[in-house]
Amino acid sequence: MTQPLKPGEEIRIVSATGGAKGKKLASLGSLDPKALLVLAEASGFGAAKYEQHNYLRGYAWSLSFDACQRHLLAFWAGEELDPESGLPHLAHAAWHCLAMVSFQIRSIGTDDRFDSPQRDA
Numbered sequence: 342m343t344q345p346l347k348p349g350e351e352i353r354i355v356s357a358t359g360g361a362k363g364k365k366l367a368s369l370g371s372l373d374p375k376a377l378l379v380l381a382e383a384s385g386f387g388a389a390k391y392e393q394h395n396y397l398r399g400y401a402w403s404l405s406f407d408a409c410q411r412h413l414l415a416f417w418a419g420e421e422l423d424p425e426s427g428l429p430h431l432a433h434a435a436w437h438c439l440a441m442v443s444f445q446i447r448s449i450g451t452d453d454r455f456d457s458p459q460r461d462a
């Protein structure tokens with residue numbers, strides 16, 4: 342078994358035909374396309390409700406954290422689908438996780454975590 346790649350690393354793969362191509366950590370082909378389509382539907386529902394890319398303007402991180410937790414708790418309590426959208430609670434929770442990843446890597450919104458590095462600075 343090979344060592345996992347790190348972000349930014351690449352290994353050269355040479356096929357039996359002699360063709361070569363670099364392999365990187367980002368393995369988009371490993372993601373379940375059916376799950377991604379449901380996630381995209383949750384994204385589309387939010388875009389229709391708030392405007393496409395609205396979240397990239399940023400807002401308090403706790404708003405997405407709270408919404409994510411509400412969807413997870415509803416799922417855990419046995420409710421499969423969000424009554425407002427008709428989409429899986431888990432798709433909405435996943436969307437809010439991705440929104441928080443966007444906030445973090447783009448440094449947008451307000452990091453209002455109680456023990457955030459920004460609060461301690």
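Per this note's numbering, the very first residue in the sequence shown carries number 342; after that it's consecutive.
We treat Cβ as the ideally placed atom computed from N, Cα and C, and that holds for glycine.
Since this is a predicted model, take the numbers as computed values, not measurements.
Look at the Cβ atom of I449, then the Cβ atom of G399, and state whether they are nearer than 8 Å. yes
Would you tell me roughly how many angstroms separate the C-alpha atoms of E351 and G359, rounded to the nearest one? 18 Å
Answer yes or no: the CB of R447 versus the heavy atoms of the ligand ATP, is any distance below 7 Å? Among the components of this structure there are no ligands whatsoever, and the ligand ATP is therefore not found.
Pull up the DSSP beta-bridge partners for G363, would you. R353
Does the pairing of the segment 361 to 381 with the segment 432 to 447 give three or more beta-carbon distances under 8 Å? yes
What are the boundary residues of the alpha helix (DSSP H) that Q410 is part of? W402 to W417
Quick one: grab the DSSP three-state call for P348. Under the three-state reduction of DSSP output, P348 falls in the coil class, being neither helix nor strand.
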